[in-house]
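Asks: Residues in the sequence shown are numbered consecutively from 1, following the numbering used here.
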Amino acid sequence: MLTVFGVGEAPFAFSSKAGKEFQSTIRKAGTVTEALHKLEVGRKVGIRGPFGKSFPLVELKKAKSIIIVAGGIGLPPLRSLIQYIIANDFPKQIILYGARTPADLLYKNKFEKWKRDPKTKMLVTVDNGDDKWKGNVGVVTTLFDKIKVPENAKVVTVGPAIMMKFVIRKCLELGVKPEDIIVSLENRMTCGYGKCGNCAYGKYLVCKDGPVFTYEQIKDIQGIF
Ligand SMILES: Cc1cc2nc3c(=O)[nH]c(=O)nc-3n(C[C@H](O)[C@H](O)[C@H](O)COP(=O)(O)OP(=O)(O)OC[C@H]3O[C@@H](n4cnc5c(N)ncnc54)[C@H](O)[C@@H]3O)c2cc1C
Ligand code: FES
Numbered sequence: 001m002l003t004v005f006g007v008g009e010a011p012f013a014f015s016s017k018a019g020k021e022f023q024s025t026i027r028k029a030g031t032v033t034e035a036l037h038k039l040e041v042g043r044k045v046g047i048r049g050p051f052g053k054s055f056p057l058v059e060l061k062k063a064k065s066i067i068i069v070a071g072g073i074g075l076p077p078l079r080s081l082i083q084y085i086i087a088n089d090f091p092k093q094i095i096l097y098g099a100r101t102p103a104d105l106l107y108k109n110k111f112e113k114w115k116r117d118p119k120t121k122m123l124v125t126v127d128n129g130d131d132k133w134k135g136n137v138g139v140v141t142t143l144f145d146k147i148k149v150p151e152n153a154k155v156v157t158v159g160p161a162i163m164m165k166f167v168i169r170k171c172l173e174l175g176v177k178p179e180d181i182i183v184s185l186e187n188r189m190t191c192g193y194g195k196c197g198n199c200a201y202g203k204y205l206v207c208k209d210g211p212v213f214t215y216e217q218i219k220d221i222q223g224i225f
């Protein structure tokens, strides 16, 4: 939880390894995020946390292969996972990344480095190309048609709710089991540590039980997607 003093507080994911220092990638959405964008270098912010559960690294390491599906601002939390996978001898990973336009693609300077990793394959698409764009055009789920989903793959997806809904649907069609589909949910948060109940989805508190869940855990909860 990052606080801009005198303005407010909001939750963010780590987009890098987190230790004495960390990075977050922040989209301007409203009051707190606009204030964060306006801060000058050297100004102080408040930090609480980290809260909640991370990606299941032990289980992911045991999987035969991992498919990472990111939509738009969903890439930042996955960037820390992608870098961890590359640095820690995980099984092979396929990254499928979609953004609205070429200008909306985040971390473009990292793509070549990720693609150089022998166990990483990365495909990128945009909903709408421009004159210079020579790559794929179409929503991120269209990239599934360009890969063979390995048997027993684990899928990790982060992005807008509508995008995750279609990624989950596609994965189920392709035979991925609900317990092997891992999503990161967003909800409004206040306390961040399970006291206020503001972030509840069904029986779960996103700040404490999540934000990372398997689809098996949440599939019967109304109103998430
Ligand atoms: C676990 C978690 C991780 C997140 N990680 C990131 C991250 O890495 N980078 C990033 O840019 N953002 C991230 N977010 C989203 C971020 O917290 C919101 O954009 C932020 O709270 C907006 O605050 P604000 O004061 O700027 O906007 P506000 O002024 O509070 O709201 C602006 C508009 O956005 C809507 N809104 C605000 N928060 C949410 C939300 N969580 N879901 C849906 N609508 C919302 C409001 O209803 C309003 O319409 C994350 C959220 C969660 C819960
Ligand atoms: S934000 Fe208070 S319980 Fe989750």
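For each residue, glycine too, the CB sits at the ideal point set by N, CA and C.
Predicted, not measured: the structure shown is a model, and the values here were computed from it.
Here's the rule: buried if 16 or more other CB atoms are within 10 angstroms of the residue's CB, otherwise exposed. What is residue 79?
Replies: As a working mapping, residue 79 is identified with position 79 in the sequence shown. Classification for residue 79: buried.
Asks: In the DSSP assignment, find the unbroken alpha helix (DSSP H) run with residue 242 in it and report its ends.
Replies: Missing from the structure shown is residue 242; the chain here goes from 1 to 225 and no further.
Asks: Please state whether DSSP places residue 53 in a helix, a strand or coil.
Replies: If you number the sequence shown from 1, residue 53 lands on position 53. Correct three-state label for residue 53: strand.
Asks: Taking buried to mean at least 16 other C-beta atoms within 10 Å of its own C-beta, is residue 170 buried or exposed?
Replies: The residue given as residue 170 occupies position 170 in the sequence shown. That one is buried.
Asks: Pull the bridge partners of residue 234 from the DSSP assignment, please.
Replies: Only positions 1 to 225 of the chain appear in this structure, which leaves residue 234 out of reach.
Asks: In whole angstroms, what is the alpha-carbon distance linking residue 10 and residue 220?
Replies: Numbered from 1 along the sequence shown, position 10 holds the residue referred to as residue 10. Numbered from 1 along the sequence shown, position 220 holds the residue referred to as residue 220. So the two alpha carbons sit approximately 28 Å from each other.
Asks: Can you list, in chain order, every residue whose CB sits closer than 5 Å to a heavy atom of ligand 1?
Replies: 10, 11, 12, 13, 26, 27, 29, 30, 31, 32, 33, 76, 186 and 211
Asks: Just verifying my parser: in three-state terms, what is the DSSP assignment at residue 154?
Replies: For the purposes of this step, residue 154 is taken as the residue at position 154 of the sequence shown. Note: residue 154 maps to strand in three-state DSSP.
Asks: At what residues does the alpha helix (DSSP H) containing residue 212 begin and finish?
Replies: Here residue 212 refers to the residue found at position 212 of the sequence shown. Careful: residue 212 lies outside any alpha helix (DSSP H), inside the beta strand (DSSP E) at 212-214.
Asks: Is the distance from the Cβ of residue 63 to the Cβ of residue 91 below 8 Å?
Replies: Residue numbering aside, residue 63 sits at position 63 when the sequence shown is read from its first letter. Residue numbering aside, residue 91 sits at position 91 when the sequence shown is read from its first letter. Yes.
Asks: Would DSSP call residue 74 helix, strand or coil?
Replies: Here residue 74 refers to the residue found at position 74 of the sequence shown. Helix.
Asks: Skipping 5 residues on each side, what residues in its chain have a beta carbon closer than 6 Å to that of residue 211?
Replies: If you number the sequence shown from 1, residue 211 lands on position 211. Within the same chain, residue 211 has close Cβ partners 52, 184 and 185.
Asks: Nearest to residue 206 by CA position, among 172, 189, 141 and 24, is which residue?
Replies: Mapped onto the sequence shown, residue 206 falls at position 206. When only C-alpha atoms are compared, the closest one is 189.
Asks: If we call anything under 8 Å between Cβ atoms a contact, is residue 123 one with residue 106?
Replies: Here residue 123 corresponds to residue number 123 of the sequence shown, with the count starting at 1. Here residue 106 corresponds to residue number 106 of the sequence shown, with the count starting at 1. Not closer than 8 Å, so no.
Asks: Considering residue 172, what are the terminal residues of the alpha helix (DSSP H) in which it resides?
Replies: Mapped onto the sequence shown, residue 172 falls at position 172. Run containing residue 172: 161-173, per the alpha helix (DSSP H) assignment.
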